[in-house]
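Engineer: Sequential numbering of the sequence shown, starting at 140, is according to the numbering used here.
For glycine and all other residues, C-beta sits at the position ideal for the given N, C-alpha and C.
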Amino acid sequence: MIICCRWDHSNSVVTPDEDVFYLVALLRSALDTGDEIHNLDYLSNQNLRLLRFCDDAGIKVKQYLPHYTTQKEWMDHFGDKWGQFYQGKMEFDPKHILATGQRIFRPSFTSSNMAL
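#1: Contact check, Pro-129 vs Lys-234 under 8 Å by CB: the rounded distance?
#2: Out of curiosity, what's the CA-to-CA distance linking Ile-198 and Pro-205?
#3: Quick check on Phe-160: does DSSP put it in helix, strand or coil?
#4: Got a sec? Which residues, its chain only, sit under 6 Å from Cys-193 by beta carbon, not counting five neighbours each side?
#5: Could you check which residue in Leu-166, Ala-164, Tyr-181 and Leu-165 has the C-alpha nearest to that of Thr-172?
#6: Quick one: complete alpha helix (DSSP H) runs, 4+ long, within the segment 197 to 223?
#7: Just the C-alpha distance for Gln-226 and Lys-220, rounded to the nearest angstrom, thanks.
#8: If the criterion is Cβ atoms closer than 8 Å, does the pair Phe-224 and Ser-151 meet it?
#9: If we ignore side chains and look at the alpha-carbon of each, how far apart do Asn-252 and Ile-236 end up?
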């Protein structure tokens, strides 16, 4: 059980809009044993099925280390905090140089116009 009033709401951590919420973590390892249920594709698909089940059932969940591929998915992840997150990005990283691999924002520069 995690008590949300201990969170600093000025940061970009996404927590439920409830006083008490729970963290459920699945820690598994993909193995190359030839057994289908241990390979990475199977476990990744199982994770997607779990997330889809929660979405279909109306269970609000947030992934700890999400792998989103679109800005829309990130906007959904941050929810009401998207504006705050976006403002911070524009203030502290207006050229979108940091965290390009997360695909939240596209860099506003190219390698040809970078000064060394």
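Structural biologist: So, from the listed chains and residues:
#1: In the structure as shown, the chain begins at 140 and stops at 255. Residue 129 is therefore absent and cannot be evaluated.
#2: Here residue 198 is taken as the residue at index 59 of the sequence shown, counted from 1. Here residue 205 is taken as the residue at index 66 of the sequence shown, counted from 1. Roughly 17 Å between the two C-alpha positions.
#3: Residue numbering aside, residue 160 sits at position 21 when the sequence shown is read from its first letter. Collapsing the DSSP output to three states places Phe-160 in a strand.
#4: The residue labelled residue 193 in the question sits at position 54 within the sequence shown. Only Val-200 meet the Cβ criterion.
#5: As a working mapping, residue 172 is identified with position 33 in the sequence shown. Nearest of Leu-166, Ala-164, Tyr-181 and Leu-165 to Thr-172, Cα basis: Tyr-181.
#6: Entirely contained in the segment 197 to 223, the alpha helix (DSSP H) runs reaching 4 residues are, in chain order, 210 to 217.
#7: One-based indexing of the sequence shown puts residue 226 at position 87. One-based indexing of the sequence shown puts residue 220 at position 81. Pairing Gln-226 with Lys-220, the inter-Cα distance amounts to about 10 Å.
#8: For this step, residue 224 is matched to residue 85 along the sequence shown. For this step, residue 151 is matched to residue 12 along the sequence shown. Yes; because the gap between Cβ atoms is below 8 Å, this pair is in contact.
#9: On the sequence shown, residue 252 is found 113 positions in, with the first residue counted as 1. On the sequence shown, residue 236 is found 97 positions in, with the first residue counted as 1. No answer about Asn-252 holds up, because its pLDDT of 46 lies below 50 and its placement is not dependable.
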